[in-house]
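A short write-up of the structure that comes next.
Residue numbers (my numbering), protein chains in the order written: chain A, 2 to 403; chain B, 2 to 403; chain C, 2 to 403; chain D, 2 to 403.
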């Protein structure tokens, strides 16, 4: 047993093919439509790109082999997802975009055989999209999930759900919803949530407006969703009643990391574009890339990329060992979200006027990555959680010493 | 004689009225159209808002009194422009948006009586807009003005101008252009530029595409402009031949500062929106605004606002005394561009998901202010200029000591 | 009335003479003894330097004219103190070091005629030193003054004081103490403190060990002080009973600013040393000072110096107008303490191995300035106070709007 | 083959025993003497601690097994050295302090059998100390090794060496020197250096003054060393003539990483002390460690520790595979030196007045870690090297595409 950071030959090959597929097939489409996936074709484009990904043998690297995926563990997903993320449309092409990728991951862990057949299989194959309906408008569940307001109450042979959700990614056009609702306890208490599965056309589900956000590359947008006397049968319960928060953790740790992987790819693209620019552009008597202040930005980008990747390796390895990895995923997510923003921001700066224009992809990348410091837990919430563990341990040690 | 930072009663009154006008009349329009001035009505809206500003007695605070302005010096412009900048549309309403405001300033200093009548007077009154055609695409004049490529050569009774300009703010719809062209020397040499005035409908002037940039609030966009055998008479020369770079300095120092004033207003609005949000929003058992990590962001914003304002006071005072103030305007601009970005970025973060959405103005403010670190000289160029002065002085002192 | 940042001719002259005195007379002594004032001679050196300052006409710029000072207001102190601070020993030479300078300021405002004669006059003239005994070890009054633990209780014809103080600057060798003690209320409550004056040789005052701190330039060190059944008469009360916290504010706002002035001078010296070094030292094919990454550090230092100075101007002007200026002094102090640290840290870095060695003064400057982020209120406490005001105002505005 | 970050049982055991030895045996000595190793006993203390380490079975984890070491590769050294670094004296106790540890590493790779016997064996066993004489005063070899000025010229049966060295760690008391001297080419050229071995008592070697630096924990100080007609035989040549720069690389990459390991341990100790403090200390109505601004500092420390460790794992793994790892060691060193400084600086800040005093170890830790941003290549030089590779690759790619 010894430290090893090498990928198997098979994974290395998938990394390489994903890189080529992303750059040759996907990136030109992203650039043609300025990164706006709705304008580029939305679900029609998705199906077309996914067919190409299947043909190239790079489709669904994360999905169980039985459903046509490559069955990669978290450690191996990291470099593959990063390559896919090099284009903002790459994750959609490989069927590893949020929230479908995280939903596949969670369903593979929790769904019963019938649910796997009905929901997981078509999702893994790219036949439908899905949505994860957890976050709510103020004063409901936002950064603090315990504020969950949506309620499911027992009804004849099942449950009746009422509530309003907010920022539900991919809701418009989703084939089904995973719904987080309170089945016991009161808002502000940690316990008592349950997850439900429901086809999107179930009466009582209404998708409202798209929230206009800085990012533009998510199919189906970030929507308001209303559950109005939505009736679901007992078989709609995912896992067990009142264990929803626990299952959310199963989803959240890995989902944080796959966000990092994809966005790291996007940041690397920004960096590459900027390095290419400064290596070429003359100014002040030399290439811009030979000037010290530009070199500093290039080096800082390299450092941020390396550190993000290294933290990702650690967190993924812990997850693959079956650990909760709450601390290392919080650390990796917090560092990455800020580093990725810095990388893109420096890349913009290196390119000056071109950097803030649509003539290069940097301006749109800067918009795409900004929300990552908020999505999947704001940096402040992660820092709070990290510190609480450390300070709490110190308090306990002090108490023990007394 | 003693340090005094108080504004006169007259100025204090104008500050107050500008604040009220901006919040009551202008801000609602900005918010209705999400800060997109073209969608909000473009020049038609401009005229309407300027009429309202005239009625409110807040129009053209910077313009000479003879042309209907208030004739404020730089020191007094600072707080007034900041109030106008509180709305992204405020500067247009008061006729103090870039580039018109800087052009009024420069023409008031350099234009001869005929030019004042033909160009300055209608510009100051808001009857036309203008453009300042200096920057060029690579390898021409960008951050390094000495690379100026556009040429004017003697022609019968005047000059023939050929060249291509880039990022020319307000070009689409401008009534006239101030054109920077090389009349002697070669690209890479500092000397030999001349400024020319030309009505926009002069044959040989062609406005090309709008460059798609992060910011959206500048009327007339940032355009490509082509000069193709443009013929101008000798009377089109602004000031004297070959002194263009010198005049550009007259414009640049103050123009940098008025940029800071306006954008500082925008940053303050972002901060106010965020503070209002965290003072209201519950989370983690208290108001967000009572949590330490949020308090840190609030305080850092206050510090950045105060420091920006204080540096501005210094630079404006030097300019009002007739100094070049190259150093203090570079310092104020560099600090401000980065501080303003930080302020808005923190404000976004404080509001979480709302911050990156169109439900609050923060996402659009974050897009508006990002380019300021590039426009009017990237931070790197200013830092280089600041350091060169200091290190150069040290070298001279060492040589003297030998 | 208009913005004016110029100093009067008289002040300008004092600035110039202070600069020359500091560099010609004081700095060589500091450098000879590596900034360790105890090794350099302690109080004996102090008297010698103060005599020289008197001869040079630069002594006691802050003290009332009636006691031989120049009677400068806060605005005029700023540049004079900065020049004195250029040497770590300069403030002692001019009798404007902490805590004496702040004590002169406070006594001039609050002491009655007898106290002025007995304490203020000799202090202003440099005949004695003083100490301000407020801070206490945990769980007493540290960053949070309301935790004040030292108690004064009525005794026959006066007060009996018991308590333990900590980090009392200048205690060893001080001629008298200003003692903050609780006369009503309980620790944790804001009210109920009184200030007492007592000669150092009063029975019941015991000066303990010097706390070993990073800084070395304060005469009399930072000591532990014990009050053990210390009896003082009623005439020892400074001002009125139970108004101690209020008087502390009179002292704290200005004292914060004079700290900034002095330390800014020290930071400027560090910067000058570094600029001189990089202007001379060859490396990588040019002078270090012509390399972009070094230029960035030089420019950032210039920006930090300018911003600190500008914030100081603002806060001093408010204080001179008789305002509390709690917000602007907190802002200036917080920004300055961090900026001054950055300036010195960058200066160290510019000089590489020399920077961390005793061959240049930078290593010792880096030790001197670090504590400023803690002394006179840690940055976190100032930020908390700044944010509380802003968020509190927003809450009140929301309540009013309801 | 798959990613694995687990240590073998044997290594895990050595980590644990090193941790216990450091905390139980070494740390109390460091604390007693305030981290000043000279005052604590110098070489006498070293021998005593090393005997204890041998008894505890934790001595020389890095040295070849044949010389009594544990023969750990770089990956396994990382956690062991970090545990030793938890005390500033720990590395000396385990015989893994700079420069001996790097010298052992290099000699194990390059020395011939006689040299191994004469120099490596006693060094590995702790019988002597050593010095690596490379850096020189300006204008010689500092950050830019190609400026090497010390010369070795052919002399009867060997070489005559003349030159002056600077910042030679451990020189005072070293048993032998490894000397870098120019044997061909001119200063400013990269080639032509040779390494020589010489016992410290060879005539012509003179150790000058100790340079007074911020750090205090290195035995033998940082000295000036003079080579004055030093005569060494041909057998003194380490490896081959003119390959000195190449061998220096063999030493530098790993030596950078072991510096990081040790200093990371020191930073962790600082963090632990601060966390313990804030978990206990009351203020503002709660434990300091429950306040948001403190929590932010705690979390940022955790993130910096995790990222440093993760980058170290990567670089060590590359080195263990036999790669040059210039890029990943530069990245890890640059990130680590800055992160370690931040960690200690935040720890100081968390403890307020106690943090800047000798009552806690933080003030001395802050002095120890500051030079790391300079030692072993200033951050600026590493960033320059990182950027040159990236921009150079982009230029080549552009040339290929033409």
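Glycine is no exception: its CB is placed at the ideal position from the N, C-alpha and C atoms. Here the structure is a predicted model, which means the values were calculated and not measured.
Using a CB distance below 8 Å, no part of the region 125-142 of chain A faces chain D.
Contact note: residue 327 (chain D) does not reach chain C at a C-beta cutoff of 8 Å; the least C-beta distance is about 17 Å. DSSP places residue 330 (chain D) in the helix class (H, G or I) of the three-state scheme. Residue 115 (chain A) is not a Cβ neighbour of residue 63 (chain A), given a cutoff of 8 Å.
Judged by beta-carbon spacing, residue 225 (chain C) lies within the 8 Å limit of residue 209 (chain C), meaning their Cβ atoms are closer than that value. In the three-state DSSP reduction, residue 141 (chain A) falls in the coil class, being neither helix nor strand. The bridge partners DSSP lists for residue 264 (chain A) come to none. Within its own chain, the residues whose Cβ lies closer than 8 Å to the Cβ of residue 235 (chain B), once the five positions on either side in sequence are excluded, are 158, 159 and 160, listed in chain order. By the neighbour-count criterion, in which 16 or more other beta carbons inside 10 Å mark a residue as buried, residue 191 (chain D) falls on the exposed side. If you look at residue 124 (chain B), you'll find it in the alpha helix (DSSP H) that goes 122-125. Between the alpha carbons of residue 198 (chain B) and residue 131 (chain B) lies a gap of roughly 10 Å. In the three-state DSSP reduction, residue 90 (chain A) falls in the coil class, being neither helix nor strand.
Under the three-state reduction of DSSP output, residue 223 (chain D) falls in the strand class.
The C-beta of residue 296 (chain D) comes closer than 8 Å to at least one C-beta of chain B.
In this chain, residue 9 (chain D) is not harboured by any beta strand (DSSP E), its DSSP state being neither H nor E. For residue 231 (chain B), the secondary structure class from DSSP, reduced to helix, strand or coil, is strand. Boundaries of the beta strand (DSSP E) harbouring residue 194 (chain D): 194-200, taken from the DSSP string. Around the C-beta of residue 393 (chain A), fewer than 16 other C-beta atoms lie within 10 Å, and the residue is accordingly described as exposed. Listed along the chain, the chain D residues whose CB falls inside 8 Å of the CB of residue 399 (chain A) are 277, 280 and 281.
Contact note: residue 336 (chain D) reaches chain A through 304 and 308, using a C-beta cutoff of 7 Å and chain order. By the criterion of a C-beta distance shorter than 7 Å, residue 344 (chain D) is surrounded in its chain by 268, 271, 272, 302, 305 and 306, once the five residues flanking it on both sides are discounted. The beta carbon of residue 289 (chain C) sits no closer than 8 Å to any beta carbon of chain A.
Among the residues of the region 144-168 of chain B, those with a Cβ less than 7 Å away from any Cβ of chain A are 144, 145 and 168, in the order of the chain. Here the region 44-51 of chain D makes contact with the region 76-96 of chain D; the two share three or more CB pairs at distances below 8 Å.
For chain C, the residues of the region 200-220 of chain D that bring a beta carbon within less than 9 Å of one of its beta carbons are 212, 213, 214, 215 and 216, in chain order. The C-beta distance from residue 97 (chain A) to residue 171 (chain A) rounds to 13 Å, too long to fall under 8 Å, and the pair is not in contact.
According to DSSP, residue pairing for residue 211 (chain B) in a beta bridge involves B:224.
According to the DSSP assignment, residue 179 (chain A) belongs to the beta strand (DSSP E) that extends over 177-183.
Between the alpha carbons of residue 310 (chain A) and residue 318 (chain D) lies a distance of about 15 Å. Within the same chain, 84 and 87 come within 8 Å of residue 20 (chain B) by CB-CB distance, once the 5 residues on both sides are set aside.
With respect to the 8 Å criterion, residue 297 (chain D) and residue 294 (chain B) are classified as neighbours on the basis of their beta carbons. Positions of the alpha helix (DSSP H) runs, each at least 4 residues long and wholly inside the region 285-348 of chain D, are given as 293-321 in order along the chain. Taking 7 Å as the Cβ-Cβ cut-off, the region 70-90 of chain C approaches chain B at 76, given in chain order. For residue 293 (chain C), the neighbours in chain A by C-beta distance under 8 Å run, in chain order, 292, 293, 294, 295, 296 and 297. Short of 7 Å from the beta carbon of residue 262 (chain B), and not among the five residues preceding or following it, lie these beta carbons of its own chain, in chain order: 78, 79, 82, 83, 86 and 313. Closer than 9 Å at the C-beta level to chain B, one finds no residue of the region 234-252 of chain A.
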